[in-house]
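Asks: Structure below; questions to follow.
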Amino acid sequence: MSHVHIIGGGLAGLSAAIELSTQAQVTLYEAGPVCGGRARSYYDRSLDALIDNGNHLILSANALTFRYLDIIGSRDTLVGPGEPIFPYYDLAKDLAWTLRLSNGRIPFWALSRKKKVPGMRLSEFASIFRLLRAKDETTVEECLSEGQLSRRLLEPLSISALNTDLKTGSALLLANVMRRSLMQGGMACRPWFPETGLSETFVDPALAFLSKYHGIVKTGSRVNSIQKEGGRVQSFETTQGIINLGAEDYVIVATPAPVTQNLLPEVSAPDAYESIVNVHYKLPFVPHIQGVVARSKFIGLVGGIAEWVFIKGNILSVTVSAANRYAAQDNETLTSIIWSEIRRATNPVITEELPDEAPPSRLVREKRATFAATPEQNRKRPYARTDIKNMALAGDWTNTGLPSTIEGAIQSGLSAVSALGFRSAVFYTEKNL
Ligand SMILES: Cc1cc2nc3c(=O)[nH]c(=O)nc-3n(C[C@H](O)[C@H](O)[C@H](O)COP(=O)(O)OP(=O)(O)OC[C@H]3O[C@@H](n4cnc5c(N)ncnc54)[C@H](O)[C@@H]3O)c2cc1C
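The working numbering puts the first residue of the sequence shown at 167, with every later residue one more than the last.
Here it is as structure tokens:
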């Protein structure tokens, strides 16, 4: 029987492991104490609460993600409004509205005062057409015309999807996201997020599934080097010893880009990163929420620092993407400015009055949250298939055609499986990626 060794227990490695579990013996080596990588939840002692390392939003359009969740049986752990609604608040104008996309592909929403982005002009749709025709080197900024559709929808969408500023963000990558979501109509844009935590949705059920199929997961097992000879991986060295490979052994390297480059210096990989800041505030009570936010449980913000606020029981969690721009700002100042933004955006959505001072909180800076999704960095992404016969690459930073996202990570795992010649939901051809 074939034996596939998967290095890295993030969602890319887990996606490959799940796909292979019925076709081969699988062993997964994860350097950290737990799997999940950049998408995990943990118990924060000082807050006495379970929090995600960062809020993650997915859309119904993320077909491979939902397929993965169906296989591991955890689709029901996601929550969302079940319809394509996005409550927003403009901090610069003190204006609240709800974007209500039409279910189908024709954007009737843009004609309705109650559904569209306030202040938008239909002529601004030209920005979307420019994005969809973008070339390899085009930036998002070059495609957007000025107006409220850009400011209140396309810019926040771009920053969230690419985690990169508009000036340098790749229009091509954003267009690929839009082709799979907005251009498919509202049903593809229904937002979802884990009700309890990322690990409870994406990781723990995957590990339970693997164990059912006799997959072996070795946590605390860092791979330090990979030995190749004659066009094949012959062995690799882990903190627990050397693994020698035979004719039926394969390797999927699903580690982050800088780690992969250390292990395999010949691999081309992105080398510039963007950070994401999350601030989790713990309220002394579970707030009562009214209006449309009672259904969505999140609000999008424009015109300030905070971009999304998620209401998870008594925890209010805020996301700030493309956060390298706030690197010099100290945690206390950020925590307090963002708190004042939340108070404004959630009044009167939260019926109780929120305190003037920020409640106990945890600020998490993920310094290398994603690769910088610029045209230059995008060109450095390698395909899953390598010159080494029994080795393939995976990870959200490989050439998936998508920015660093859960969908990209899961797709990359499937591409690696297919590149090694195993059955996979993603048929591997470099042209299609
Ligand atoms: C704060 C934040 C917010 C995000 N928000 C969203 C969102 O809203 N929507 C969305 O779709 N995506 C979002 N993302 C992106 C998403 O989390 C990632 O794209 C995805 O988790 C990447 O998975 P991966 O497996 O490619 O990489 P990783 O998660 O980095 O996994 C790599 C794994 O390899 C392990 N490893 C490293 N070195 C070694 C070694 N030498 N030996 C063995 N193992 C090793 C690591 O410990 C890690 O577990 C966000 C990311 C962050 C950080």
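From the three backbone atoms N, C-alpha and C, an ideal C-beta is built for every residue, glycine too. Since the structure is predicted, the reported quantities are computational estimates derived from the model, not experimental observations.
What residues match up with F252 in a beta bridge as DSSP calls it?
Replies: In the DSSP output, where bridge partners are listed per residue, F252 has L265.
Asks: Look at the alpha carbon of S347 and the alpha carbon of K301, and state the distance between them as a whole number of angstroms.
Replies: If I take the Cα positions, the gap works out to 20 Å.
Asks: Return helix, strand or coil for F464, following the three-state DSSP convention.
Replies: The answer is strand: DSSP assigns F464 an E or B state.
Asks: I'd like to know if the segment 467–474 and the segment 398–411 are in contact, where contact means that at least 3 CB-CB pairs between them fall below 8 Å.
Replies: With a cut-off of 8 Å, the segment 398–411 and the segment 467–474 do not count as touching, because too few Cβ pairs lie within range.
Asks: Round the Cβ separation of L610 and V583 to the nearest angstrom and send it over; I've been treating them as touching at under 8 Å.
Replies: In this structure the chain extends from 167 to 599, so residue 610 is not present and cannot be described.
Asks: Would you say I442 touches ligand 1, meaning its beta carbon is less than 7 Å from a heavy atom?
Replies: True, at least one ligand heavy atom lies under 7 Å from that Cβ.
Asks: Measuring straight from C-alpha to C-alpha, what distance separates V383 and S578?
Replies: Roughly 20 Å between the two C-alpha positions.
Asks: Measuring alpha carbon to alpha carbon, tell me which of S316, D260 and D331 ends up nearest V486.
Replies: Among S316, D260 and D331, the Cα nearest to that of V486 belongs to D331.
Asks: Hey, would you say A152 sits closer than 8 Å to A182, going by beta carbons?
Replies: The chain is shown only over 167 to 599; residue 152 falls outside these bounds and no answer can be derived.
Asks: If you count every other CB in all the chains shown that lies within 10 Å of the CB of M167, and 16 or more means buried, which is it?
Replies: Counting Cβ neighbours within 10 Å, M167 comes out exposed, since fewer than 16 surround it.
Asks: Can you check whether the CB of R510 is closer than 8 Å to the CB of L364?
Replies: Not a contact, by the Cβ cut-off of 8 Å.
Asks: Since D260 and R318 should fall inside the 8 Å C-beta cutoff, what is the C-beta to C-beta distance between them, to a whole number of angstroms?
Replies: That belief does not hold up - the Cβ atoms of D260 and R318 are roughly 14 Å apart, past 8 Å.
Asks: Taking its Cβ as the centre, do 16 or more other Cβ atoms sit within 10 Å of H327, making it buried, or is it exposed?
Replies: This sequence places Ala at residue 327; His is not what is there. Classification for A327: buried.
Asks: How many whole angstroms separate the CB atoms of E239 and C201, which I take to be in contact at a CB cut-off of 8 Å?
Replies: A small correction: the amino acid at residue 239 is Gly; Glu does not occupy that position in the sequence shown. Their Cβ separation, rounded to whole angstroms, is 17 Å, which puts G239 and C201 out of contact at 8 Å.
Asks: With DSSP collapsed to three states, give me the class of L139.
Replies: Outside the shown range of the chain (167 to 599) lies residue 139, about which nothing can therefore be said.
Asks: Between which two residues does the alpha helix (DSSP H) holding L500 run?
Replies: It spans N497 to A511 - the alpha helix (DSSP H) in which L500 sits, taken as one unbroken run.
Asks: When DSSP labels each residue in this structure, what does Y439 get in the three-state scheme?
Replies: Correct three-state label for Y439: strand.
Asks: From T334 to V306, what does the alpha carbon distance come to, in whole angstroms?
Replies: Those two C-alpha atoms are separated by around 7 Å.
Asks: Are there any heavy atoms of ligand 1 lying less than 7 Å away from the beta-carbon of N544, as far as the coordinates show?
Replies: Result no, Cβ not under 7 Å from ligand 1.
Asks: What are the boundary residues of the beta strand (DSSP E) that E403 is part of?
Replies: Run containing E403: R398 to T404, per the beta strand (DSSP E) assignment.
Asks: Expressed to the nearest angstrom, what Euclidean distance is found between the alpha-carbon atoms of L340 and N410?
Replies: Going from the Cα of L340 to the Cα of N410 covers about 42 Å.
Asks: Span of the beta strand (DSSP E) holding K394?
Replies: That run of the beta strand (DSSP E) goes V389 to E395.
Asks: Hey, is R528 close to ligand 1, as in C-beta under 7 Å from one of its heavy atoms?
Replies: Because no heavy atom of ligand 1 lies under 7 Å away, the Cβ of R528 does not count as near it: no.
Asks: Rounded to the nearest angstrom, what separates H222 and G587 at their Cα positions?
Replies: Roughly 32 Å between the two C-alpha positions.
Asks: Which ranges would you report for the alpha helix (DSSP H) in the segment 328–353 if only whole runs of at least 4 residues count?
Replies: Counting only runs of 4 or more, we get 337–346.
Asks: Does A558 have its Cβ less than 8 Å from a Cβ in chain D?
Replies: Absent here is chain D; the protein component of the structure consists of one chain.
Asks: Measuring only the C-alpha atoms, how far is W275 from L225?
Replies: For W275 and L225, the distance between alpha carbons rounds to 18 Å.
Asks: Using the three-state DSSP reduction, which class does Q189 fall into: helix, strand or coil?
Replies: Of the three classes helix, strand and coil, the one that applies to Q189 here is coil, per DSSP.
Asks: Would you tell me roughly how many angstroms separate the C-alpha atoms of G138 and I217, rounded to the nearest one?
Replies: A query on residue 138 cannot be resolved here, the shown segment of the chain reaching from 167 to 599 and no further.
Asks: With a threshold of 7 Å, establish whether the CB of E532 neighbours any heavy atom of ligand 1.
Replies: Yes - ligand 1 has a heavy atom lying nearer than 7 Å to the Cβ of E532.
Asks: Check whether the Cβ of S336 sits closer than 7 Å to any heavy atom of ligand 1, and report yes or no.
Replies: Outside the cutoff, so no.
Asks: Quick one: measure Cβ to Cβ for N219 and R204, integer angstroms, because I've assumed they're closer than 8 Å.
Replies: Yes, they are in contact, since the Cβ atoms of N219 and R204 sit about 7 Å apart, within 8 Å.
Asks: Can you tell me whether F476 is helix, strand or coil according to DSSP?
Replies: Looking at F476 - three-state DSSP - the assignment turns out to be strand.
Asks: According to DSSP, is R271 part of a helix, a strand, or is it coil?
Replies: Of the three classes helix, strand and coil, the one that applies to R271 here is coil, per DSSP.
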